[in-house]
Structures are given as C-alpha cells and as structure tokens.
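Numbered by numbering that gives the first Met the number 0, the letters in the sequence shown go through residues 0 to 114 in order. First comes the structure, then the notes that go with it.
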Amino acid sequence: MKSRIPRQFQGGGQDMQSMIHQAKKMQDQIATLQEDIEQRSFTATAGGGMVTVTVNGKKTIESIELKPEVVDPSDIEMLQDLIMSAVNEAITSVEETTEKEMSKITGGVALPGLF
Numbered sequence: 000m001k002s003r004i005p006r007q008f009q010g011g012g013q014d015m016q017s018m019i020h021q022a023k024k025m026q027d028q029i030a031t032l033q034e035d036i037e038q039r040s041f042t043a044t045a046g047g048g049m050v051t052v053t054v055n056g057k058k059t060i061e062s063i064e065l066k067p068e069v070v071d072p073s074d075i076e077m078l079q080d081l082i083m084s085a086v087n088e089a090i091t092s093v094e095e096t097t098e099k100e101m102s103k104i105t106g107g108v109a110l111p112g113l114f
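What follows is the structure in structure tokens.
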C-alpha cells in the first residue's frame, strides 16, 4: 500500500529554502545592527548633571565629566556613588536600545546571547 503525504507537507524543499533565506537575512540584519550600536555613544548623568558619563555600544567608557563643585575631598563616597550611578545608567541605556532595536528585527522574539 502506498502512503500519500498531505498536500500541506509537500514541497518541503522550497519551504526550507525560504526559511534558510529568511534566517540568513535576519543574521545579516543583526550583524548590521550590532555594528551600528557599537558605533553609537550613550550618555547618562547623575547628581543633577554633576557627573556625566558616556559609553559606546560596546559598553566601554568613553568619557567621565565632573563638575568642580561635586569634588569634595571630605565626601569621596558620594562622588563614587554618582559615578557608579551614571555608568550603570549609561550601560542600561545601551542594553535597552539594543533590545528595542533587536525586537524590530526578530519580531519581538528574544534571542539570548546575541549581544
């Protein structure tokens, strides 16, 4: 007895080719996005603008600016906290932007470990 394959499952080669093409296109878009984000700068401030930190898309600090009045030798801990806060905010900005831009490519599907 001969079994027949349902029509919706026939022609799998073309469907597979289409899926491979779509995956390759998505891979190219992700690579382009990654390059774009790595070139961007993300800036955050703390202490009402007393500390400004800029990081790039690779999460590397590009600059730290301190207003002279925030430097108090008797309160180094406050300055450390402000710097840490601004750095963390800038890194969070990189991550949120990456996630938002990535969801445009993947249709909202999370692909962990890409960035």
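We put the CB at the ideal spot given by N, CA and C, even for glycine.
Counting along the chain, S62 sits inside the beta strand (DSSP E) bounded by residues 60 to 65.
The alpha-carbon separation between A43 and Q13 amounts to approximately 49 Å. In the three-state reduction of the DSSP assignment, V52 falls in the strand class.
Annotation: the continuous beta strand (DSSP E) that includes S40 extends over 40 to 45. When the beta-carbon positions are compared, V93 and V54 come within less than 8 Å of each other.
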